[in-house]
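Engineer: Listed in order, the protein sequences are those of chains A and B. First residue of the first sequence? That's 141 in the working numbering, and the numbers climb one at a time after it. First residue of the second sequence? That's 141 in the working numbering, and the numbers climb one at a time after it.
Number of protein chains: 2
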Amino acid sequence: MAAAADHSIKLFELVLEDGRSASPFVWRIRYALAHKGLTCEAVKLSFTGIAATFGGRFKTVPVIEHGATLMAESWDIAEYLDRAFPDRPRLFSGPAELAMVRLMDAWFTSEVIRKMFRLYVKDVHDAAHPEDRAYFRQSREKNLKGETLESFTAERATYLPALRTSLAPLRAHLAKFAYLGGDTPNYADYIGLSAFHWAASVATLPLLAPDDTLRAWLDRGFALYGGMGRDARINPLFERG
Amino acid sequence: MAAAADHSIKLFELVLEDGRSASPFVWRIRYALAHKGLTCEAVKLSFTGIAATFGGRFKTVPVIEHGATLMAESWDIAEYLDRAFPDRPRLFSGPAELAMVRLMDAWFTSEVIRKMFRLYVKDVHDAAHPEDRAYFRQSREKNLKGETLESFTAERATYLPALRTSLAPLRAHLAKFAYLGGDTPNYADYIGLSAFHWAASVATLPLLAPDDTLRAWLDRGFALYGGMGRDARINPLFERG
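(1) Give the residues of chain B in contact with residue 244 of chain A, contact being defined as C-beta atoms less than 9 Å apart.
(2) At a Cβ cut of 7 Å, what residues of the segment 210-236 of chain B count as close to chain A, listed as they run along the chain?
(3) Could you spell out the range, first to last residue, of the beta strand (DSSP E) harbouring residue 149 of chain B?
(4) Select from B/173, B/175 and B/189 the residue whose C-alpha is nearest the C-alpha of residue 155 of chain B.
(5) For residue 373 of chain B, which residues in the same chain have their Cβ closer than 6 Å to its Cβ, ignoring the five residues on either side in sequence?
(6) With 16 as the cutoff for other CB atoms within 10 Å, does residue 144 of chain A come out buried or exposed?
(7) Using 7 Å as the threshold, is the C-beta distance between residue 342 of chain A and residue 267 of chain A below it?
(8) What is the rounded straight-line gap between the Cα of residue 378 of chain B and the Cα of residue 352 of chain B?
(9) Going residue by residue through the segment 241-312 of chain B, where are the continuous beta strand (DSSP E) segments of at least 3 residues, counting only ones entirely within it?
(10) Under the assumption that residue 272 of chain A contacts residue 186 of chain A (Cβ atoms under 8 Å), give the Cβ distance between them as a whole number of angstroms.
(11) Tell me the start and end of each unbroken alpha helix (DSSP H) in the segment 341-370 of chain A that is at least 4 residues and wholly inside, in chain order.
(12) Out of B/344, B/360, B/253 and B/205, point me to the one whose CA is closest to residue 263 of chain B's CA.
(13) Quick check: the Cα distance between residue 283 of chain B and residue 294 of chain B, rounded to an integer number of angstroms?
(14) Taking only beta-carbon atoms, is residue 314 of chain B less than 7 Å away from chain A?
(15) Which residues, in order along the segment 329-354 of chain B, keep a beta-carbon less than 8 Å from a beta-carbon of chain A?
(16) Beta carbons nearer than 9 Å to chain B: which residues of the segment 144-167 of chain A have them?
(17) Less than 8 Å between C-beta atoms, sequence neighbours within five positions excluded: which residues of the same chain meet that for residue 306 of chain A?
(18) Using a Cβ-Cβ cutoff of 7 Å, what residues of the segment 175-197 of chain B are near chain A? List them in chain order.
(19) What would DSSP say about residue 163 of chain A, mapped onto helix, strand or coil?
(20) Tell me the DSSP secondary structure of residue 187 of chain A in three-state form.
(21) Can you give me the Cβ contacts of residue 336 of chain B inside the same chain, cut-off strictly under 7 Å, excluding the 5 residues immediately before and after it?
(22) Flag residue 339 of chain A as yes when its Cβ comes closer than 6 Å to any non-hydrogen atom of the ligand HEM, and as no otherwise.
(23) Within the continuous beta strand (DSSP E) that includes residue 219 of chain A, where are the two ends?
(24) Go ahead and pull the three-state DSSP assignment for residue 378 of chain B.
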């Protein structure tokens, strides 16, 4: 594809008060674009800005705009990028790798990301744009059946052991491979790394023990593509040794 | 490869008193051979027969013999089969699919198979060749720090809910795909199906609720390759509705 086409991609993302990208699903697409060597124009939105920007058509980011295509949902976007830019490095070598990464996502989202949200939902509130906080609290507390963010997270440290245990398959795999994808990173790495980017951007409680063997993979993954993730701090993820 | 070469494969497997194959890892290789359209001569061993047969070189099955090659460990064998029979349907389309299936195995073995062993260790004992039972009990109870198989499994029904919950990623994935591998089965399916074959061959306590949505995948998977798994009963896996 011509460079002009590449630069015609807009990525709508969600940012915190400090400007950091704050959605693990947007991070997936940031990685996907970098994997394919595509640049984009980032459009930074607040939580409440999403519905306003798309007139209610999309309620979540990532959203990309590419020519006449306006599309939400990170999986749809990832698959679209392989179709739209077939001559660029592929995100998925074929249907079997795609299916396997989908399975990894089913596991990782239900076992890990869900636990992370439970730990960090109040931290997201506190780090959000001030104009977003009332909306965020109201929408999240509705899902908590009226419980406040404060009471929901009061005992959150007690959930850390289960979360750390749930990462065991990643540790076992990364004892054999440099990346989840093997010698080189694939979309499973981006799914995993994106969740840690998101956690690192809001966490006031460290997620991992100081000697967690995941650190080597996180260091490698955050440094990918010229350090695209360098602005996401890795230190908040780790307890002090 | 010539048909003669195909038929030169011997698969050493572990069988129960009733002759059924009793190792989830042997089942993986049974599926792998079928996937590649290879036939083999099955050599049925008891637990205590394994060390005797290989003079202590191998303590576990599967073991395959192919020409001068004698090899244990299901993963080594699976990768060997793709190298030795490159013109047959591949088990792994490339390194990314291989790495992803390895990751699936790291999750499935630690989260699911380990829980299954906890449920069924006494059932394996009871279904084993009579000559194996003393050895099996002694070796397993040693790992249980002296606890008997009976006391270890006395409250086993209380572990069923956690095991069923741990299968949620499979259910989520199979709501979108016919197989874990997508439209067609891959080695991740064989890893999963093999564990259920093994459980079905020994279970005196049903593993799954009558309406578990995994049933459609299990039916499809057990019927693969001309019903190679038809001799493994599917009904013992399910509570009566």
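For every residue, glycine included, the Cβ atom is placed at its ideal position computed from N, Cα and C.
Structural biologist: In short, the structure shows the following:
(1) By Cβ distance, chain B contributes 240, 243, 244, 247 and 309.
(2) Answer set for the segment 210-236 of chain B: 233, 234, 235 and 236.
(3) DSSP places residue 149 of chain B in the uninterrupted beta strand (DSSP E) bounded by 149-154.
(4) Of the candidates B/173, B/175 and B/189, the one whose C-alpha sits nearest the C-alpha of residue 155 of chain B is B/189.
(5) Taking residue 373 of chain B as the centre and dropping the five residues before and after it, the same chain places the C-beta of 340 closer than 6 Å to its C-beta, in chain order.
(6) Because the pLDDT of residue 144 of chain A is 42, which lies under 50, any placement of that residue in the model is unreliable, and the number read from its coordinates should be weighed accordingly. A residue is called buried when at least 16 other Cβ atoms come within 10 angstroms of its Cβ; residue 144 of chain A does not meet this threshold and is exposed.
(7) Yes, Cβ-Cβ distance for residue 342 of chain A and residue 267 of chain A is below 7 Å.
(8) If I take the Cα positions, the gap works out to 8 Å.
(9) For secondary structure counted as the beta strand (DSSP E) over 3 or more consecutive residues, the segment 241-312 of chain B holds no complete run.
(10) Contact annotation, residue 272 of chain A with residue 186 of chain A: C-beta distance approximately 5 Å; criterion of less than 8 Å satisfied.
(11) DSSP runs (the alpha helix (DSSP H)) wholly in the segment 341-370 of chain A: 354-362 and 364-367.
(12) The shortest C-alpha separation from residue 263 of chain B is found at B/344.
(13) If you take the alpha carbons of residue 283 of chain B and residue 294 of chain B, they lie about 17 Å apart.
(14) No, residue 314 of chain B does not count as interfacial toward chain A.
(15) Against chain A - using a Cβ distance shorter than 8 Å - the segment 329-354 of chain B contributes no residues.
(16) Contact annotation: in the segment 144-167 of chain A, no residue has its CB less than 9 Å from a CB in chain B.
(17) Cβ contact annotation for residue 306 of chain A (same chain, cutoff 8 Å, sequence separation greater than five): 251, 252 and 255, in chain order.
(18) Of all residues in the segment 175-197 of chain B, none has a C-beta nearer than 7 Å to a C-beta of chain A.
(19) In this structure, DSSP gives residue 163 of chain A a state outside helix and strand, which the three-state scheme calls coil.
(20) In the structure shown, residue 187 of chain A sits in a helix (DSSP, three-state: H, G or I).
(21) Scanning its chain for C-beta atoms nearer than 7 Å, with the 5 sequence neighbours on each side dropped, one finds around residue 336 of chain B the residues 358 and 377, in chain order.
(22) The model on display carries no ligand, and the ligand HEM is accordingly not part of it.
(23) Taken as a continuous stretch (DSSP letters only), residue 219 of chain A belongs to no beta strand (DSSP E), being part of the alpha helix (DSSP H) at 214-224.
(24) Residue 378 of chain B falls in the strand class under three-state DSSP.
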